[in-house]
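The numbering used here numbers the first residue of the sequence shown as 60 and each following residue consecutively.
C-beta atoms are modelled at their ideal positions from N, C-alpha and C, and glycine is treated no differently.
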Amino acid sequence: MRIGDDQLRALMLAGLDGDGASHAALLELAASLLRAFYRRRIADADDIEDLVQETLIAVHERRASYDRRRPFSPWLFAIARYKMIDHIRRRSRLQPIDDVEDLLAADFEAPSLARTDLARLLDSLPAKQAAAIRNTRIEGLSVAEAAARAGIGESDVKVSVHRGLKALAARVKGQKR
Numbered sequence: 060m061r062i063g064d065d066q067l068r069a070l071m072l073a074g075l076d077g078d079g080a081s082h083a084a085l086l087e088l089a090a091s092l093l094r095a096f097y098r099r100r101i102a103d104a105d106d107i108e109d110l111v112q113e114t115l116i117a118v119h120e121r122r123a124s125y126d127r128r129r130p131f132s133p134w135l136f137a138i139a140r141y142k143m144i145d146h147i148r149r150r151s152r153l154q155p156i157d158d159v160e161d162l163l164a165a166d167f168e169a170p171s172l173a174r175t176d177l178a179r180l181l182d183s184l185p186a187k188q189a190a191a192i193r194n195t196r197i198e199g200l201s202v203a204e205a206a207a208r209a210g211i212g213e214s215d216v217k218v219s220v221h222r223g224l225k226a227l228a229a230r231v232k233g234q235k236r
């Protein structure tokens with residue numbers, strides 16, 4: 060199941076309005092997104108879980124600062140990036156700050172627009188190909204995890220990703236002409 064920003068935003072707004080069950084559901088869904096986010100950037104599994112928990116605590120503590128008119132995901136991932144930067148600074152005092160600054164989002168609108176464009180492109184693919192790309196390339200699942208989620212074989216996931224990416228590349232090249 061793909062977790063969309065509209066679903067997350069609706070849960071956040073309901074939680075802000077006092078619905079505890081929605082807030083708990085939001086934190087549970089956010090945890091799976093954060094695990095995938097950190098899994099692509101951090102090698103140690105214990106560090107990933109620590110970062111997920113730190114981020115969820117920050118989301119809970121800072122929920123009053125969320126702007127109800129804005130998408131939820133950029134707000135969540137901005138917090139995640141800052142938590143990751145803090146983690147990297149704590150772990151590696153020798154790492155130059157300039158390297159870490161690349162992780163900061165200077166503009167929160169551009170990533171949102173990119174996600175919208177990506178969603179449109181993926182929606183133009185057959186459902187199986189789009190799901191395989193979302194699961195493996197966006198959510199960071201392994202091929203085995205994606206296959207189990209979709210109830211198909213691993214080779215089917217690999218073929219779907221390959222064909223989907225090939226179709227997307229052709230579509231994007233065609234748009235630039």
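**OP:** Measuring alpha carbon to alpha carbon, tell me which of 98, 175 and 180 ends up nearest residue 246.
**Re:** In the structure as shown, the chain begins at 60 and stops at 236. Residue 246 is therefore absent and cannot be evaluated.
Counting along the chain, where does the alpha helix (DSSP H) carrying residue 130 start and finish? Neither: residue 130 is in no alpha helix (DSSP H) and is coded neither H nor E.
**Asked** Helix or strand or just coil, what does DSSP make of residue 64?
**Response** Note: residue 64 maps to helix in three-state DSSP.
query: Would the region 70-84 and the region 95-115 be scored as touching if the rule is three or more Cβ pairs under 8 Å?
result: Contact annotation: the region 70-84 does not touch the region 95-115, with fewer than three C-beta pairs closer than 8 Å.
(Q) Can you look up residue 183 in the DSSP assignment and give me helix, strand or coil? (A) Assigned with DSSP and collapsed to three states, residue 183 falls in coil, not helix or strand.
Worksheet item: What's the gap between the Cα of residue 137 and the Cα of residue 143?
Response: Pairing residue 137 with residue 143, the inter-Cα distance amounts to about 10 Å.
> According to the neighbour-count rule (16 or more other Cβ atoms, all chains shown, within 10 Å of its Cβ), is residue 116 buried or exposed?
Replying inline: That one is exposed.
Task: Rounded C-alpha distance that separates residue 135 from residue 87 - done: Straight across, the Cα-Cα distance linking residue 135 with residue 87 is about 13 Å.
Look at the Cβ atom of residue 202, then the Cβ atom of residue 218, and state whether they are nearer than 7 Å. The Cβ atoms of residue 202 and residue 218 lie no closer than 7 Å to each other.
Are the Cβ atoms of residue 209 and residue 190 separated by less than 7 Å?
In this structure, residue 190 lies closer than 7 Å to residue 209 by Cβ.
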